Amino acid sequence: MNSPEPATATSPGPLFALMPPEGRVTADGLLDGFLAYCEQRKVTLYPAQEEAILELFDGKSVILNTPTGSGKSLVALAAHYKAVADGGRSFYTAPIKALVSEKFFELCEAFGADNVGMMTGDASINRDAPLICCTAEILANLALREGEQADVDMVVIDEFHFYSDRDRGVAWQVPLLTLPQARFLLMSATLGDTARFEESIAELTGGRVALVKTTDRPVPLDWEYSEKPLHETLQTQLEAGKTPIYVVHFAQRAASEHAQDLMSVDFLSKEDKAQIKDELTGFRWDTPFGAELRRFVHHGVGVHHAGMLPKYRRVVERLAAKGLLKIICGTDTLGVGVNIPLRTVVFTKLCKYDGDKTKILTVRDFHQIAGRAGRKGFDTQGSVIVQAPEHVIANKVAQQKVAGDAKKMRKWKPSKPPERGYAHWDEQTFDKLREGEPERLVSRFAVSHGMMLNVFTRPDGCGAMKRLIRASHDTPTRQRQHGRHALAILRSLIKAEIVSLRPGGVDLNADLQTDFSLNQALSLYVVEAVQALDRDHPEYALDLVSLVEATLEDPGAVLYKQVDTLKGRAVAALKAQGVEYDERMAELEKIEAPKPNADFMLATFRMFAEHHPWVGSDSLRLKSVARDMFEQGETFNGYVRTYGLARAEGVLLRYLSDAYKALIQTIPEDAKTNELDDLVEWLGVVIRSVDGSLLAEWERMRRGELLDEQHETDALLAEERTGVDVTANRKAFRVLVRNATFRMVRCLAQRDERTFVDMLTSDPGQPSLRADEVAAMMEPYWAEHAELRTDAEARGTRYFELEEESKTRWSVAQTLLDPEEHLEWRLRLTVDLDTSREQGGVVLRWAGLDAPR
Numbered sequence: 005m006n007s008p009e010p011a012t013a014t015s016p017g018p019l020f021a022l023m024p025p026e027g028r029v030t031a032d033g034l035l036d037g038f039l040a041y042c043e044q045r046k047v048t049l050y051p052a053q054e055e056a057i058l059e060l061f062d063g064k065s066v067i068l069n070t071p072t073g074s075g076k077s078l079v080a081l082a083a084h085y086k087a088v089a090d091g092g093r094s095f096y097t098a099p100i101k102a103l104v105s106e107k108f109f110e111l112c113e114a115f116g117a118d119n120v121g122m123m124t125g126d127a128s129i130n131r132d133a134p135l136i137c138c139t140a141e142i143l144a145n146l147a148l149r150e151g152e153q154a155d156v157d158m159v160v161i162d163e164f165h166f167y168s169d170r171d172r173g174v175a176w177q178v179p180l181l182t183l184p185q186a187r188f189l190l191m192s193a194t195l196g197d198t199a200r201f202e203e204s205i206a207e208l209t210g211g212r213v214a215l216v217k218t219t220d221r222p223v224p225l226d227w228e229y230s231e232k233p234l235h236e237t238l239q240t241q242l243e244a245g246k247t248p249i250y251v252v253h254f255a256q257r258a259a260s261e262h263a264q265d266l267m268s269v270d271f272l273s274k275e276d277k278a279q280i281k282d283e284l285t286g287f288r289w290d291t292p293f294g295a296e297l298r299r300f301v302h303h304g305v306g307v308h309h310a311g312m313l314p315k316y317r318r319v320v321e322r323l324a325a326k327g328l329l330k331i332i333c334g335t336d337t338l339g340v341g342v343n344i345p346l347r348t349v350v351f352t353k354l355c356k357y358d359g360d361k362t363k364i365l366t367v368r369d370f371h372q373i374a375g376r377a378g379r380k381g382f383d384t385q386g387s388v389i390v391q392a393p394e395h396v397i398a399n400k401v402a403q404q405k406v407a408g409d410a411k412k413m414r415k416w417k418p419s420k421p422p423e424r425g426y427a428h429w430d431e432q433t434f435d436k437l438r439e440g441e442p443e444r445l446v447s448r449f450a451v452s453h454g455m456m457l458n459v460f461t462r463p464d465g466c467g468a469m470k471r472l473i474r475a476s477h478d479t480p481t482r483q484r485q486h487g488r489h490a491l492a493i494l495r496s497l498i499k500a501e502i503v504s505l506r507p508g509g510v511d512l513n514a515d516l517q518t519d520f521s522l523n524q525a526l527s528l529y530v531v532e533a534v535q536a537l538d539r540d541h542p543e544y545a546l547d548l549v550s551l552v553e554a555t556l557e558d559p560g561a562v563l564y565k566q567v568d569t570l571k572g573r574a575v576a577a578l579k580a581q582g583v584e585y586d587e588r589m590a591e592l593e594k595i596e597a598p599k600p601n602a603d604f605m606l607a608t609f610r611m612f613a614e615h616h617p618w619v620g621s622d623s624l625r626l627k628s629v630a631r632d633m634f635e636q637g638e639t640f641n642g643y644v645r646t647y648g649l650a651r652a653e654g655v656l657l658r659y660l661s662d663a664y665k666a667l668i669q670t671i672p673e674d675a676k677t678n679e680l681d682d683l684v685e686w687l688g689v690v691i692r693s694v695d696g697s698l699l700a701e702w703e704r705m706r707r708g709e710l711l712d713e714q715h716e717t718d719a720l721l722a723e724e725r726t727g728v729d730v731t732a733n734r735k736a737f738r739v740l741v742r743n744a745t746f747r748m749v750r751c752l753a754q755r756d757e758r759t760f761v762d763m764l765t766s767d768p769g770q771p772s773l774r775a776d777e778v779a780a781m782m783e784p785y786w787a788e789h790a791e792l793r794t795d796a797e798a799r800g801t802r803y804f805e806l807e808e809e810s811k812t813r814w815s816v817a818q819t820l821l822d823p824e825e826h827l828e829w830r831l832r833l834t835v836d837l838d839t840s841r842e843q844g845g846v847v848l849r850w851a852g853l854d855a856p857r
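One rule links them: number in the numbering used here = place in the sequence shown (from 1) + 4.
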């Protein structure tokens, strides 16, 4: 049988076309259609897959507990197939947006894009489709609001072990408490004891539940505990051809540093090097970490962790899939949503810092990571190796060197374990983790203001809330605690006049429905706080940015580096002033990350929280990242260098992307100004010029366009190779020019003539402007004025002039704002558009400095 053509936006999709006729759906008919689809795809079902599919087609809920790589996705496809064939609606949930997006494309191919929708916290597309892909929180909120009235017939929950996640686990539990009309497929490689879930689903739905569990892997694993140095372990695997090798670290810095250590060895043949060179022709390594990664991959070494830009992670995954990377140094994030075909997984440690202290890995974490070794279609055997602690290995090597020499043995002192960041493990620990059952999943049920407001949208809100608490997977004691907490929340909502009691239920105030539909309560705070800002203030647009930034998750790595950099500058200044050590230390303790307009935001938030108690007392997160970058006139790469963020470029870019989306979605239209529009345009160009993948899908979803995976992939690959034309959006490019110009003004104000001249590009054949020449030109200014202003007024548009002289050249004049506002000095520059386009950033050339005569 020939393979069918892939589905298009209008075709029904090959699996959709194989459904039994309406009204004639039987378990046998479903099985015949699905087996025909498998035959078209040349897929042979494993016994566990076949068992799970038969149970689903028999109308049962299924708990599927099988190893990584054993085809759980195909069982999920069968669950969706049955639901749609029955005329129902099926939901797929996953813990991260990347998995949701990946599944969306797979379902579009199988069922046709018109039959598949996607919902995330950012946007949605085709939300009324019979198949919906969404994050766990989206389905949980839907289930809380609508319960048994929700249009949900099948729920497929991927990575169900997230049920135990300390912060998010409640979202995995809620559907199991509130959707009696649904059938469930719970999937994970590491579920542990599932009896409680079998019982609760049967009790909720009144239907039968089947557990399908096996430890059989399509690709078996071999296990080893190594007391050899890491480089010897890797060399042994390389010589045996067991590549790609994923070396698991538990810190991003450790992964990058290990990759650097491997640069003394060349892992590639001439043919491999030529193929990598061909694969990467035109690829832009145009960020500080990109320069490092480029060296690594040309040696056959990859790096993979969440702090990297998406485009760099994609290129590592692509090269690894083609067998061109022999070793990948990464972090334990490999456990979820990373699809790199790996032959060998090497653990450098068996302990990790969990946010509180350093502990031995759980059985679940160990198996989630180890299970990535050996992938179907690539290997016949996978390998998992665990390294002994470094000091144990060092002692063994040292003992071997002094063995037989009594004098040396007496002098030898064994290395001690690290005092920090270490929990002891040995081969026994390894055996326990390898052979152990994953820990029992722990209930994370918790009552919150948001949960109650969602439930109170139902006609019987109070009764529904009581039933929800009684159904939770907690002990009676914990349920009573939840009940008391819910009562306290209800009283606070009544006091704030958000809800009112009526006989038999609760009424929500009329205006809350619209307000709360903003998804995040803090978005509503922004809407209200905007009204209290002075629209005529020079920093109005920047203060809008600060409001939005205060509602976003903190980019921890960025804020830490901000403080670290500010402390470094302060130490240098205090030393220069002769301040004593103890006093210096006291001053450093006062330094924190920048929080502009903090007093205003804290005051308005206190008032907001009085009337909207669900936000909590510590929900506002004051910070300045997007604003700080704009005020400094920095490029993305410049900001990374300023704060030493090379290993956190991905964190910074994701944060800027979130800020961009929030500025578009949250700020009311009537509060926006031309200055804010310019700033948002600038931010969009900054993000796209670095890696446009974080915005491309979101923007298409906002326009309601169906997505095509191949189109998206081709476009992103082309963008990676050719770069974004930063001059294409004239409005945004003008802002980039204005920012770059004002950064040069800041250099003059700080008397940093060296950085000033470094920002300039010399005309071909002409000598470069020198720092001492700039200093000499500015001497008359400093003789007359004590400072050069760089405040919000100084960077205003009234002091900036730009003339588009031609298609290739613009001229810029920036008036320098002196304290007395004589306005007699002007910095003149030209913008080279062609070179700016080639380099992906503003290219400025020197035109002169006008001074008073």
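Just so you know, even glycine gets a beta-carbon here, dropped at the ideal spot from N, CA and C.
This structure is a prediction, so every number in the text was calculated from the model and none was measured.
Measuring alpha carbon to alpha carbon, tell me which residue in the options is nearest residue i.
i	options	result
Leu365	Met782, Ala377, Phe351	Phe351
Ser268	Glu283, Asp276, Lys246, Phe300	Phe300
Leu848	Thr362, Asp854, Leu837	Leu837
Pro134	Gln483, Ala154, Ala561	Ala154
Val349	Gln385, Lys363, Val320	Gln385
Ile502	Thr461, Asp538, Ile473, Leu472	Thr461
Met633	Val459, Leu740, Val396	Leu740
Gly467	Val534, Val367, Leu491	Leu491
Lys380	Leu831, Thr48, Gly37	Thr48
Val396	Lys353, Val816, Asp762, Glu141	Lys353
Leu181	Asp157, Ala144, Leu215	Ala144
Val160	Ala186, Leu146, Leu148, Arg149	Ala186
Asp369	Ser766, Phe434, Glu797, Glu653	Phe434
Asp169	Val446, Gly648, Cys137	Val446
Give me the Cβ distance between residue i and residue j, rounded to the nearest whole Å; I'm assuming they're in contact under 8 Å.
i	j	result
Arg347	Ile249	7 Å
Phe254	Lys356	4 Å
Lys627	Asp558	6 Å
Val644	Glu653	6 Å
Between the alpha carbons of residue i and residue j, how many angstroms are there, rounded?
i	j	result
Glu825	Glu679	23 Å
Val552	Leu78	41 Å
Lys274	Val305	15 Å
Thr745	Gly334	39 Å
Phe520	Leu526	With a pLDDT of only 42 at Phe520, under 50, the local geometry of the prediction cannot be trusted, and the value read off the model is given with reservation. Between Phe520 and Leu526, the C-alpha separation is close to 10 Å.
Arg317	Tyr659	17 Å
Pro179	Pro71	24 Å
Tyr167	Arg448	7 Å
His84	Met158	7 Å
Val120	Ala114	10 Å
By the three-class DSSP mapping on this structure, what secondary structure does residue i have?
i	result
Trp850	strand
Arg316	Correcting the residue identity first, residue 316 is Tyr in this sequence and not Arg. Note: Tyr316 maps to helix in three-state DSSP.
Thr834	strand
Phe20	helix
Gln843	helix
Leu773	coil
Arg399	According to the sequence displayed, residue 399 carries Asn and not Arg. Three-state DSSP puts Asn399 in a helix.
Thr479	coil
Lys599	coil
Ala377	strand
Gln239	helix
Tyr50	coil
- Item | Touching by the beta-carbon criterion (3+ pairs, under 8 Å), the region 117-132 and the region 190-200 | no
- Item | Cβ pair count under 8 Å reaching 3, the region 767-782 against the region 808-815 | Output reads no: the region 808-815 does not touch the region 767-782.
- Task: Report yes or no: do three or more beta-carbon pairs, one from the region 531-551 and one from the region 667-679, lie closer than 8 Å?
- Result: Because the criterion of three Cβ pairs below 8 Å is met, the region 531-551 and the region 667-679 touch.
- Task: Could you tell me whether the region 320-328 touches the region 275-285, using the rule of 3 or more Cβ pairs below 8 Å?
- Result: These segments touch.
- Sufficient close CB pairs (3 or more, under 8 Å) joining the region 87-102 to the region 194-204: no
- Message: Three or more C-beta pairs under 8 Å: does that hold for the region 214-221 against the region 599-612?
- Response: no
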